[in-house]
Amino acid sequence: MTTLPLPSRAQLPAWELLLAGVVGAGVTLLCLLGRPSGALQLLPPSRALLAISMLTVGLGVWLVPSGRRLELLCVGLGGLGCQALLASVTDVPAVAALLVPIGFAAAARPGRHPLTVQIRGPVLAALLLGLGWTLLRSPGPSWLGRLGALGEALGLVAAGGLFPYLQDVGEEEPADASYLAWTGFLAPTLALALPTRLLHSHALRPDEGVVMGAVLLGLGLLNLTWGVVGAWRASSTVEAWRCSFLVDWGFALIGIGLLDRDGLAAAYLAMLAIVAVRTPLVVVAGMTPSIAVGRRPLTLLLVVLLAGAAPFSGFPVRLLLLRAATQLAWPLAALLLVGMALATLHALRLARTVGVPRGHGAVGLAVVVVMSLALGLLPDVLRALGGM
Amino acid sequence: MEAVAAIGAVLAWLGVSLVSLADARRGLAVGLFGTTVGLTLAAVASGRSPLGAAALAAGGVIGAVLRLRDGEPGWGLMRPGSTPRLVAAVLVFLAAVVLVGSSLGVPVGVARLGAVAVALLALLRLMTVEHRSSALGAGATLALGLGALGDGPALVAAAAAAVGLGALRATEDRAGT
Chain X
1 MTTLPLPSRA
11 QLPAWELLLA
21 GVVGAGVTLL
31 CLLGRPSGAL
41 QLLPPSRALL
51 AISMLTVGLG
61 VWLVPSGRRL
71 ELLCVGLGGL
81 GCQALLASVT
91 DVPAVAALLV
101 PIGFAAAARP
111 GRHPLTVQIR
121 GPVLAALLLG
131 LGWTLLRSPG
141 PSWLGRLGAL
151 GEALGLVAAG
161 GLFPYLQDVG
171 EEEPADASYL
181 AWTGFLAPTL
191 ALALPTRLLH
201 SHALRPDEGV
211 VMGAVLLGLG
221 LLNLTWGVVG
231 AWRASSTVEA
241 WRCSFLVDWG
251 FALIGIGLLD
261 RDGLAAAYLA
271 MLAIVAVRTP
281 LVVVAGMTPS
291 IAVGRRPLTL
301 LLVVLLAGAA
311 PFSGFPVRLL
321 LLRAATQLAW
331 PLAALLLVGM
341 ALATLHALRL
351 ARTVGVPRGH
361 GAVGLAVVVV
371 MSLALGLLPD
381 VLRALGGM
Chain P
1 MEAVAAIGAV
11 LAWLGVSLVS
21 LADARRGLAV
31 GLFGTTVGLT
41 LAAVASGRSP
51 LGAAALAAGG
61 VIGAVLRLRD
71 GEPGWGLMRP
81 GSTPRLVAAV
91 LVFLAAVVLV
101 GSSLGVPVGV
111 ARLGAVAVAL
121 LALLRLMTVE
131 HRSSALGAGA
141 TLALGLGALG
151 DGPALVAAAA
161 AAVGLGALRA
171 TEDRAGT
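Protein chains in written order, with our numbering: chain X, 1 to 388; chain P, 1 to 177.
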């Protein structure tokens, strides 16, 4: 009979992390079961995102060196719990209140920036969302409601650390301790759940919907441009990858801002791609030193994947966005086409930062490519799973 | 009931002002306690869920007691450089009146005034804070203020957040300064 090798005491993470992992796993289970009913309700798109996130956490844990696996598993389970909670809680002020301790827990991870700096993004997002919701439901002049809608849109953008709330990400900072944990893992949940809840509960009057949509649309286009230019001009690889998130987020924000069935579906697929493809790619890129070799088959494959060309994950997002935009206004579709063409530029720079992966890195990259293919080839299945 | 809600709102504002002006554990804990009492009074007076209000009170008090565990000893009130925070405390209350002024005739509106003032002032403190213990105190206050903007689930979430933030260590050995 063989015995399982138990981690030695020196390999065990701090008790706070172990506790976070256990609590996170428990909370995820409760959210999946929808208990207590009434307070927690996981909508189908959030359920699909949570399932994809579980795969990403599993892949991330498998990719790191064995000495860090238990630590990252605890962090990942804690993150999944936070994600499930943010997606399941039906009350927006409750979500805002929960963002504060989640932000502190994420900021308390040892990283390049002190907690007092790292916490600013999540707490600003919490205030904007909470205050925005209050103003939306307040009796009074109509400008208060429009101010509330503005707060909701800006809160969503602040949670993701997107333009104009860009957070500094350090060169040597691990992805799980930097603000990328918000941009690539926690904020997509919020971006899926909040607009869906706002639309389902009819909390927005038409004029408030226009304000929220216009702000998200404008910020989406800005993030798209900023991401492409930033990724091309960034001096460091980490900065270039951070900017690449802005490109995906830009498409997602535009999709949400269109407040249209196809637009929301595009945002949903973009969020899945951020969690399933973009975030693991950052981890893989961090494992392999970049090389100055062009036209390798792998580099060409990554260029196509990152450019959002068929048959990869970015393609259905772009297609759905164009369809939604042409129904609203053709100049917007033309603007989007320009943005999409520009977005291919950053793919070249990013693909070259991924060196020749070996061992776990090679398998990890293969899994990411397969996930991107699955997202690109089966958008209708995923839309059906997410009820979109 | 409107008078009780008004007393609660003013008490909550005084509490968060203390959190904003304090840099040591006693000042932060008393400020957090005052905010909790004020927000609970306002929540009860405005007809919020009694269970939620009780949870808010319990969470806030536990969070305040836990804040006494670590951090710099004493009150740490009105240290040099705190004048802008004092001015901000007054201005934020006025801003909150402008934002929710249209509903001040009913207890719900008055309670909302207290919660908005607490959330705004706590956020301002968090944006300029340098010490981890002050950040944790202001964070717990912000969570209480945001929770008080909602009903039952939000109040319970705020209470859990206050306890969770109280449980985090204020020592600055793991996450930098």
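Glycine is no exception: its CB is placed at the ideal position from the N, C-alpha and C atoms.
Identification of residues in the segment 135–153 of chain P having a C-beta nearer than 9 Å to some C-beta of chain X yields A135, L136, A138, G139, A140, L142, A143, L144, G145, L146, G147, A148, L149, G150, D151, G152, P153, given in sequence order.
Nearest CB-CB separation between P/G76 and chain X: not below the 8 Å threshold. Less than 8 Å separates the beta-carbon of X/A240 from that of X/R349.
X/S235 is not bridged by DSSP to any residue. The residue from X/V61, X/L298, X/L375 with its alpha-carbon nearest to that of X/A267 is X/L375. Distances from the alpha-carbon of X/A187 to those of X/R137, X/R146, X/L80, X/V210 put X/L80 closest. Looking at the backbone, the Cα of X/L63 and that of P/A54 are separated by about 46 Å. Scanning its chain for C-beta atoms nearer than 8 Å, with the 5 sequence neighbours on each side dropped, one finds around X/L224 the residues L246, V247, G250, F251, I254, G339, L342, A343, in chain order.
Rounded to whole angstroms, the separation of the alpha carbons of X/V275 and X/V61 is 15 Å. Between P/R67 and chain X, the shortest Cβ-Cβ separation is not below 8 Å. Partner residues in a beta bridge of X/S178, as assigned by DSSP, do not exist. Annotation for X/L135: L144, L147, G148 place their beta carbon closer than 6 Å to its own, counting only its chain and skipping 5 residues before and after. Fully contained in the segment 65–130 of chain P is no beta strand (DSSP E) run of length 3 or more. Setting aside the 5 residues that flank it on each side, P/V129 is surrounded in the same chain by A135, A138, each with a C-beta closer than 7 Å to its C-beta; the list follows chain order. Under a criterion of Cβ atoms nearer than 9 Å, no residue of chain X is adjacent to P/A89; the nearest Cβ is some 16 Å distant. Contacts with chain P at 8 Å (Cβ-Cβ) do not include X/V157. For X/L336, the three-state secondary structure derived from DSSP is helix. The contact set of X/R205 on chain P, defined by CB atoms closer than 8 Å, is empty, because the minimum CB distance reaches about 16 Å.
Looking at the backbone, the Cα of X/E171 and that of X/S178 are separated by about 10 Å. Going by DSSP, X/Q118 is part of the alpha helix (DSSP H) stretching over 115–118.
CA-CA distance, P/V30 to X/I119, rounds to 23 Å. Put simply, the segment 85–96 of chain X does not touch the segment 66–76 of chain X. Fewer than three CB pairs are less than 8 Å apart. Within chain X, not a single residue places a beta-carbon under 7 Å from that of P/A95; the smallest gap is close to 11 Å. Excluding its 5 nearest sequence neighbours in each direction, P/V10 has C-beta neighbours in its own chain below 8 Å: G38, G114, listed in chain order.
Residue-level contact check: P/R112 touches chain X, since one or more beta carbons of chain X fall below 8 Å from its beta carbon. DSSP, read as helix, strand or coil, puts X/S53 in helix.
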